[in-house]
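J.: Can you keep this structure in mind? I'll have questions shortly.
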Amino acid sequence: MTLDASTSARGDLVLKNLTKSFGEFNAVDDLSLVIPKGSFFALLGPSGCGKTTTLRMVAGLEEPTAGSIFVGATDITDMKPYRRPVNTVFQNYALFPHLTVFENIAFGLRRRGVSTAEIQSAVDKVLNLIELPHLAQRKPNQLSGGQQQRIAVARAIVNKPALLLLDEPLGALDLKLRRQMQIELKWIQTEVGITFVHVTHDQEEAMTMADTIAVMNKGKIEQMGTPEDLYDSPKTSFVANFLGQSNLIPGKVIGSDGSNMIVDLFGTKIGVPKTRNSATGDSVLVGIRPEKFRISVEGKPTQGNVLSGGIVSDVSYIGVSTQYHVEMPWGKEVIVFEQNDDDEEMLRKGAKVVLSWEPIFTFALDSTENSSTTSI
Amino acid sequence: MAAFKGTSTKVFGLNENRSALPYLLLLPGLLWLTLFFIVPIFSLGQMSTKVSGGETGEFVQSYRFSNYLDAFSASQEQFLRSFVYGILATLIALAISYPLAYAIAFKSGKWKNILLVLVVAPFFVSFLLRTIAWKQILGEEGPVVSFLRTLHLISPQTSITSSAFAVVTGLAYNFLPFMTLPIYASLERIDPRTLEAASDLYANGFTTFRKVTLPLSMPGVVAGTLLTFIPAAGDYINATILGSPANKMLGNVIEARFFKIVDYPAAAALSFTLMAAILVLVTLYIRRAGTEELI
């Protein structure tokens, strides 16, 4: 067997101006990205945003219309999939139904001409890692969904690729199993040290597992950063609403006060930390996460930023918190999550309320972005 | 079966009868098989051990099992020929059908349905007519002979009708759809992602075919070879129309014993022998192929 890129190429994954068009439609639009070696990277976005197409181009299963893909210094853009230093965990696992679990995992090693003894020990090792050594001689259709999922991961990582691509790997599992597998995958990644590129539409999944998340929308990356970055300082309304919920209220910057800028929201002045402002002009969208609000009946003392004149229009009790819809004087609703951690009485529909929050929990976006109060 | 049971409860409201329903559904088929298969087989078995009662067409039961030995030793040559022709025709049909089925399943795009109709299209014409047409195609004025003569692959004197070649190709041609359709069905069922997974795991196109596509299509290959071999080995039309007396198969012998010589016991004994031989061969083949769990 010849030594090719599948064993030699190592390093960061670099996508340069990657584009994939299907006719007139750009599924992936001039995407440039560096994924550092050894990281757990998530491509997060709604269905149809181009994340799976991006992944398939890296795997070699889809040919880019333009642009290039590098692993370290090796250009793999035109390389056949079977020569790439990349392995994939497919959405529906795509295990070989005619082969035993052992042979499924050994498939890649056998193709590369690894000796029988080495295959035996490598497969045993990875079966122990995923804690399923007793299933080696079973066929895939005799396994549960969670077991098949782990075999699919084992089949890929046993080859020690430079890069492991995971295409919605947990999509077919139920919620409880999904949570468990999230932790397990994260642990496996730390254990083997391979770069994981994880494609998902589930923001919670991305935030639980990834070091870095790139939020994709319409073939482009909207914003990239750590889960905390993205949640605390979204740069676009799409990101603000795709990762959790946000209340976005249009306002105008009218001045400055130390580290805060002063923004006028329909006649009320509030402070926004300058460090959390991503707008360039005076017209901004002020963002407040629903759980950052404090809600109280009119007349009670408040501090920080205050918006008054709200009327509770809907109340839903969801256990850990109570979710309020509050109609504001300017005619739009905001959403408030109130932790159920005190013995205060639940507010009723129609109650007149005041919303307040610490200025540091406020962010500001460019108002040219489309505004919407809330959505997921 | 579980889904079926669920529906039966909802649709018919026959909750208490639901265990009886499957048997009721089996009944017409069972009746048919009893009347037209089990009863005739039984009378065929009885006939095979009778001896001539003197007049033509009159036979009396004497449990003469040596009928089998006599009939077999008189037609060993045709017996062997049936199997050789059957196997050759099956191999030719397989060699043509597999690539065809593969192309239809994976490469035909929007032409898929049209191609499938074309595969079945010969069935719109009767078996007999197709075989006679095949004789024309291979005949003196036909395209095959003139093509082969132009290439000097056969001498100007050689003809290819009334030959083993004509019989075997005729068999292969007539049973081709029985080979193509099961292979197509099993190829079609393969999840394309498993092929992508193979290529992702360092298998090139040929290795992917050898290690994944072919094993996963084995149920279709086994079904197709059986559906071709069994009727081909028992066939006598192709040997009658396309062959010479030197190409007679066991089917021809049975036909002659039955209709021309009116030796029913010998014809019945040969039918049983052929059936048993095919059954043994098929059992060995399925065991060897080991595709039980994939079917």
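Note that the protein sequences, when read in sequence, are chains A and B. First residue of the first sequence? That's 5 in the numbering used here, and the numbers climb one at a time after it. First residue of the second sequence? That's 15 in the numbering used here, and the numbers climb one at a time after it. Here a beta-carbon is modelled for each residue, glycine too, at the ideal position from N, C-alpha and C.
Mark Q193(A) as exposed unless 16 or more other C-beta atoms lie within 10 angstroms of its C-beta, in which case mark it buried.
T.: Buried, by the Cβ-count rule.
J.: Taking the continuous beta strand (DSSP E) assigned at D84(B), which residues delimit it?
T.: Here D84(B) belongs to no beta strand (DSSP E); instead the alpha helix (DSSP H) covers S80 to A88.
J.: Going by other Cβ atoms of all chains shown within 10 Å of its Cβ, with 16 needed for buried, is Y37(B) buried or exposed?
T.: Result: exposed.
J.: Considering Cα atoms alone, identify which of D16(A), S312(A) and R159(A) is closest to L113(A).
T.: If we check each option's Cα against that of L113(A), R159(A) comes out closest.
J.: Does DSSP put V25(B) in a helix, in a strand, or in coil?
T.: Low local confidence applies: a pLDDT of 46 at V25(B) is under 50, so the model's placement there is unreliable, and no value is given.
J.: Enumerated in chain order, which unbroken segments of the beta strand (DSSP E) with a length of 3 residues or greater are wholly contained in the region 254-296 of chain A?
T.: You should have 264-269, 272-277 and 287-292.
J.: Would you kindly work out how many angstroms separate the C-alpha atoms of V401(A) and L133(A), rounded to a whole number?
T.: The structure shown does not extend to residue 401(A), since chain A is modelled only from 5 to 380, so the question has no answer here.
J.: Closer than 9 angstroms, Cβ to any Cβ of chain B: which residues of the region 50-75 of chain A, in chain order?
T.: Within the region 50-75 of chain A, the qualifying residues are R60, A63, G64 and L65.
J.: Taking DSSP as the reference, what is the three-state secondary structure of T81(A)?
T.: Residue state, collapsed to three classes: coil.
J.: Compare the C-beta of P238(A) with all C-beta atoms of chain B and state if any pair is closer than 7 angstroms.
T.: False, the Cβ-Cβ gap to chain B never drops below 7 angstroms.
J.: Checking contacts by CB at 7 angstroms: is T92(A) closer than that to chain B?
T.: For T92(A), the answer is yes, since a Cβ of chain B falls inside 7 angstroms of its Cβ.
J.: Say whether chain A places a C-beta atom closer than 7 angstroms to the C-beta of F272(B).
T.: No - not a single Cβ of chain A is within 7 angstroms of the one on F272(B).
J.: CA-CA distance, Q369(A) and V288(A)?
T.: Per the sequence presented here, residue 369(A) reads as Leu, with Gln not at that position. About 6 angstroms.
J.: In angstroms, rounded to a whole number, what distance separates the CA positions of I146(B) and L256(B)?
T.: If you take the alpha carbons of I146(B) and L256(B), they lie about 8 angstroms apart.
J.: For the putative contact between I197(B) and I244(B), defined by C-beta atoms under 8 angstroms, what is the C-beta separation to the nearest angstrom?
T.: About 16 angstroms separates the two Cβ atoms, so there is no contact after all.
J.: Between T208(B) and chain A, is any beta-carbon pair separated by less than 7 angstroms?
T.: Yes, T208(B) counts as interfacial toward chain A.
J.: Return the residue from the list F141(B), V131(B), L165(B) and A180(B) that minimises the CA-CA distance to G153(B).
T.: With distances taken between Cα atoms, G153(B) lies closest to A180(B).
J.: Determine the direct distance from the alpha carbon of L99(A) to that of L195(B), and round the result to whole angstroms.
T.: Rounded to the nearest angstrom, the two C-alpha atoms are 26 angstroms apart.
J.: Going by beta carbon distance, what residues of the same chain come within less than 6 angstroms of P137(A), once the five residues before and after it are set aside?
T.: Contacts found: L131.
J.: Please tell me whether T104(B) and T242(B) are closer than 7 angstroms, where the distance is taken between their beta carbons.
T.: Yes, these two residues count as a Cβ contact at 7 angstroms.
J.: I need the DSSP call for A199(B), collapsed to helix, strand or coil.
T.: Of the three classes helix, strand and coil, the one that applies to A199(B) here is helix, per DSSP.
J.: Can you give the beta carbon distance from A63(A) to A214(A), rounded, assuming they're within the 8 angstroms contact cut?
T.: Actually they are not in contact, since the Cβ atoms of A63(A) and A214(A) sit about 19 angstroms apart, beyond 8 angstroms.
J.: Quick one: give me the first and last residue of the beta strand (DSSP E) that Y235(A) is part of.
T.: Unbroken run through Y235(A) is the alpha helix (DSSP H), P231 to D236; no beta strand (DSSP E).
J.: Out of curiosity, what's the CA-to-CA distance linking L7(A) and A186(B)?
T.: Reliability fails at L7(A), whose pLDDT of 45 lies under 50, so the model's placement of it is uncertain and no value is given.
J.: Given that N218(B) touches chain A, what residues does it touch there, using C-beta distances under 9 angstroms?
T.: In chain order: K84, Y86, R87 and R115.
J.: Given Y112(B), which residues of its chain have a CB within under 7 angstroms of its CB, disregarding the five upstream and five downstream residues?
T.: Within the same chain, Y112(B) has close Cβ partners I197.
J.: Taking V96(A) as the query, report the chain B residues whose CB atoms sit under 9 angstroms from its CB, ordered along the chain.
T.: The question names Val, yet the displayed sequence has Asn at residue 96(A). Here the neighbours are D205 and R207.
J.: Does the beta carbon of G215(B) come closer than 7 angstroms to any beta carbon on chain A?
T.: In the sequence under discussion, the amino acid at residue 215(B) is Leu, which differs from the Gly named in the question. Taking Cβ atoms only, chain A reaches closer than 7 angstroms to L215(B), which makes this a yes.
J.: Using only the alpha-carbon positions, how far apart do T287(B) and F50(B) sit?
T.: Computed Cα separation, rounded: 20 angstroms.
J.: Starting from Q146(A), trace the alpha helix (DSSP H) in both directions and tell me its first and last residue.
T.: Per DSSP, Q146(A) belongs to no alpha helix (DSSP H) and is neither H nor E.
J.: So which residues on chain A does T145(B) lean against when the C-beta distance must stay under 9 angstroms?
T.: Within chain A, no residue comes near T145(B); the closest Cβ sits about 38 angstroms away, beyond 9 angstroms.
J.: Who are the Cβ neighbours of G197(A) in its own chain at under 7 angstroms, not counting the five residues just before and after it?
T.: These residues qualify, in order along the chain: G42.
J.: Any beta carbon from chain A within less than 7 angstroms of A211(B)'s own beta carbon?
T.: Judged by the 7 angstroms Cβ criterion, A211(B) is in contact with chain A.
J.: Can you tell me whether K129(A) is buried or exposed? The criterion is at least 16 other CB atoms within 10 Å of its CB, across all chains shown.
T.: Exposed.
J.: Closer than 7 angstroms by beta-carbon distance: list the chain B residues that pair up with G175(A), in chain order.
T.: What G175(A) touches in chain B: nothing, since even the nearest Cβ is about 13 angstroms away.
J.: Flag G27(A) as yes if its beta-carbon sits less than 7 angstroms from any beta-carbon of chain B, otherwise no.
T.: So, not an interface residue.
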